[in-house]
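2 protein chains.
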Amino acid sequence: MKIILDMMGGDNAPLSNLEGAAQAVKEYGVEIIGLGDEAACRKAAAEKNISLDGIQLVNCTENIEMCDEPARAVRTKKDSSIVVGLNMLKEGKGDAFVSAGSTGALHVGASLIVRTLRGVKRPALATIIPAKNKAYMLLDSGANVECRPEMLAAFAVMGSCYMARVEGRKNPTVALANNGAEESKGTPVLREAHQLLKTTPGINFVGNIEPRDVPNGDVDVVVCDGFTGNVILKLTEGVAKMILGMLKEMFMANVGSKLAYLLLRSGVADLKKKMDSEEYGGAPFLGARQPVIKAHGSSKAKAIKNAIRQAKICVDNDLCGTMQAALDELAAQSAGE
Amino acid sequence: MKIILDMMGGDNAPLSNLEGAAQAVKEYGVEIIGLGDEAACRKAAAEKNISLDGIQLVNCTENIEMCDEPARAVRTKKDSSIVVGLNMLKEGKGDAFVSAGSTGALHVGASLIVRTLRGVKRPALATIIPAKNKAYMLLDSGANVECRPEMLAAFAVMGSCYMARVEGRKNPTVALANNGAEESKGTPVLREAHQLLKTTPGINFVGNIEPRDVPNGDVDVVVCDGFTGNVILKLTEGVAKMILGMLKEMFMANVGSKLAYLLLRSGVADLKKKMDSEEYGGAPFLGARQPVIKAHGSSKAKAIKNAIRQAKICVDNDLCGTMQAALDELAAQSAGE
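Going down the list, the sequences are from chains H and U.
According to the numbering used here, the first sequence is numbered sequentially starting from 165.
According to the numbering used here, the second sequence is numbered sequentially starting from 165.
As structure tokens, then:
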């Protein structure tokens, strides 16, 4: 299996990308096609003694920056790692594409170059978020700011497919993020979406979920528009970071608290691991015709490696094919109504 | 000063409401008009030995439940504590109204009975939320699901007034909750609101704030529609609760961790206090012509007492009058454009 990896995307590129790639080659037996500034990659690999076995480097002369306007960047920077990588994926030169680069450019590029599955207008960014009982998939977690009810129904179908196929959850539950449990709650779009989800075939819809209950992790999939998803994803990270920061201050306060930290070390490590999004690696763009995985912008080697693992599972399970079958069933049911 | 208090609202009514009222009479020297089931109140007070000095009880025969449809409940339950209380406020029989009851009924009742300030379509629920550097005011935190840009500008003006007058913040900063720092981010409504806020007189607008930065508490006022505000408020509570729950498990794990807890006790207490919304008491409906304060549904005595303190400060500072002057200036500027 060949995974195409953007060597230039992310805050720690290319070093973390190289390290993650080398670990993935070793652990998962995949081949990597690494796109970016070849000279810089070879230099970093030599300096840090990272093996390039199983990694084929392809030089790209351009780079899409986080500040670039996504649609314009995809149109004009033809030799950037993102555009080259998505074209190689489309042409069958690799089985999946992984990047820690610009979410906007990946979203536009996935839509325009790789194209979308039948029944999907725009791919959704689907992030797995740690929670109390079990991690849940949040989609759309930031790609499509505004969404029609039909888009939300497609997200529900795709998220269920993913959690069943990739995460092995049985009959995954799906909830609609809303400001109250009752069907009458929320904006007109959400009220319509609620009704649509109730009759969507092949999903286990359990109703609305209120924001205060989202971190419990009682459901497998939380569906929302990309604006709300961005708030949920980033605020969860922000509040967790704030409290973990307060904890750190608490432990550093005096000799007694430092001693307490020593006694709690393994517990604190467990807590951090439970809250660690790096364990999940990346967020797939569900609805693209081939697997496109967005790794967190701050990814270190572990997150890159896990994003590659995620890509491998998507390919192994023919996730896109399965999802297309589920979406076709949804379309057939809608047409038959 | 006379504060009208809903004795029936909240999960712990009437006991916590009575206790909070008695404490407020003692600490702040206010008089309380307590509305609700008079017999039940007298019984609870006698049983728990709560002094009714300074508390005048007025019997109400009806009660608005959390499950009642708000507009219908306000129209039909004329002898409920919320409707009677808002009418007494309007008629000048008291200076402010405090309730831990149905947010929806209070919102509708404040609009229809007390009415709104000139330039305000609907009052906004304004909640003060604990954060890393300093607590911030979030409005609308749940009353108006959808908001036009002009409503968001009015929220900014009112939130600034409140933070300056009641919380004593100098030249309070205001930010618009959005999914990116750039002006071009967000929905069309948010992009329009951003432009409007840039030219709104009398406020210190500092641009968009991303959800991940909200818990830092770097700004004094965060403006958003009530749907987004509900997500921010409830998710902040939910994530904090999840992590504090994990901490508790960590402390209870074994003998060493229990010992660690003893060493950290004061630090943990500080952390809890910092995250404790009860300290702030309640959320005012900004934009109502007279002070209407919503206390949290789960309020205990301390939260009720603090909501009464908040009501007192609003009255002492003629908050509604100050706010009307600021709104009139905004309207004059808009008309002069």
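Backbone N, C-alpha and C define an ideal beta-carbon position, used for all residues, glycine too.
Mind reading off the beta-carbon distance from residue i to residue j? Whole number of angstroms is fine, and I expect it under 8 angstroms.
i, j, result
"I472 of chain H", "A269 of chain H", "That belief does not hold up - the Cβ atoms of I472 of chain H and A269 of chain H are roughly 20 angstroms apart, past 8 angstroms."
"M301 of chain H", "V385 of chain H", "5 angstroms"
"A290 of chain U", "A447 of chain U", "6 angstroms"
"A260 of chain H", "C478 of chain H", "6 angstroms"
"K458 of chain U", "T280 of chain U", "With 8 angstroms as the limit, K458 of chain U and T280 of chain U do not qualify as a contact, their Cβ atoms being about 16 angstroms apart."
"S421 of chain U", "L428 of chain H", "6 angstroms"
"K398 of chain U", "R286 of chain H", "Actually they are not in contact, since the Cβ atoms of K398 of chain U and R286 of chain H sit about 28 angstroms apart, beyond 8 angstroms."
"I167 of chain H", "G249 of chain H", "Contact doesn't hold; Cβ gap of about 10 angstroms is too wide."
"Y192 of chain U", "K476 of chain U", "6 angstroms"
"G396 of chain H", "V395 of chain U", "One point to set straight first is that residue 396 of chain H is Ile, not Gly, in the sequence displayed. Indeed they touch by this definition, with Cβ atoms about 7 angstroms apart."
"L182 of chain H", "A210 of chain H", "Actually they do not touch by this definition, with Cβ atoms about 10 angstroms apart."
"E195 of chain U", "G218 of chain U", "5 angstroms"
"V338 of chain U", "G402 of chain H", "Not quite, the Cβ-Cβ distance comes to about 19 angstroms (not below 8 angstroms), so this is no contact."
"G431 of chain H", "A417 of chain U", "6 angstroms"
Tell me whether residue i sits in a helix, a strand or coil according to DSSP, three-state version.
i, result
"I167 of chain H", "strand"
"E151 of chain U", "As displayed, chain U neither begins before 165 nor continues past 501, which places residue 151 of chain U out of reach and without an answer."
"N380 of chain H", "helix"
"T364 of chain U", "coil"
"Q220 of chain H", "strand"
"K458 of chain H", "strand"
"V131 of chain U", "The structure shown has nothing for residue 131 of chain U, since chain U only spans 165 to 501."
"V370 of chain H", "strand"
"E195 of chain H", "strand"
"G249 of chain U", "helix"
"G344 of chain H", "coil"
"G485 of chain U", "helix"
"G173 of chain H", "coil"
"A235 of chain H", "helix"
"S263 of chain U", "strand"
"V338 of chain U", "strand"
"S244 of chain U", "strand"
"G402 of chain H", "helix"
"G409 of chain H", "helix"
"G393 of chain U", "helix"
"G268 of chain H", "helix"
"G200 of chain U", "strand"
Excluding five sequence neighbours on each side, which residues of the same chain lie with their C-beta closer than 7 angstroms to the C-beta of residue i?
i, result
"T225 of chain U", "D243"
"P336 of chain U", "S324, M327, A328, N368, D384, V385"
"A204 of chain H", "P178"
"K438 of chain H", "P294"
"P313 of chain U", "V353, E356, A357, L360"
"A452 of chain U", "A274, V278, T280, P287"
"K362 of chain H", "F369"
"M230 of chain U", "S266"
"S180 of chain U", "G174, S463, K464, A465, I468"
"G445 of chain U", "A459, A467, N470, A471, R473, Q474"
Considering only residues of the same chain and omitting the five flanking positions on each side of residue i, which have a CB-CB separation below 8 angstroms?
i, result
"A495 of chain U", "R282, G283"
"N380 of chain H", "A295, K296, N297"
"K436 of chain U", "L408"
"K241 of chain H", "E226, N227, I228, D232, V247"
"P365 of chain H", "E493, L494, Q497"
"N342 of chain U", "K349, G350, L354, H358, N372, I373, E374"
"V321 of chain U", "T364, G366, I367, M487, A490, L491, L494"
"A424 of chain H", "F415"
"A404 of chain H", "M439"
Taking 7 angstroms as the line, does the beta carbon of residue i fall inside it for any heavy atom of the ligand ZN?
i, result
"A339 of chain U", "Although the ligand ZN was asked about, the structure shown includes no ligands whatsoever."
Given residue i, which residues of its chain have a CB within under 6 angstroms of its CB, disregarding the five upstream and five downstream residues?
i, result
"G390 of chain U", "D304, G306, A307, N308, V309"
"S245 of chain U", "D170, M172, L199, G200, C224"
"L483 of chain U", "R329"
"L316 of chain U", "A357, V387"
"R333 of chain U", "M327, D384"
Problem set entry | Any beta strand (DSSP E) of 3 or more consecutive residues that is wholly inside the stretch 412-450 of chain H | 446-450
Exercise. So does the stretch 348-357 of chain H actually touch the stretch 402-422 of chain H, counting three or more Cβ pairs closer than 8 angstroms?
Worked result: Note that the stretch 348-357 of chain H does not touch the stretch 402-422 of chain H; fewer than 3 beta-carbon pairs, one per stretch, sit closer than 8 angstroms.
Problem set entry | Inter-stretch contact at 8 angstroms, needing at least 3 Cβ pairs: the stretch 338-350 of chain U / the stretch 467-484 of chain U | no
Exercise. Is the stretch 453-472 of chain U touching the stretch 174-189 of chain U, taking contact as three or more C-beta pairs under 8 angstroms?
Worked result: yes
For this session: Inspect the CB distances between the stretch 232-239 of chain H and the stretch 193-209 of chain H and report whether three or more fall short of 8 angstroms.
Result: Three or more beta-carbon pairs separated by less than 8 angstroms are not found between the stretch 232-239 of chain H and the stretch 193-209 of chain H, which leaves the two stretches without contact.
For this session: Kindly provide the ranges of any beta strand (DSSP E) runs that are 3 or more residues long and lie completely inside the stretch 278-322 of chain U, ordered along the chain.
Result: 288-293, 300-303
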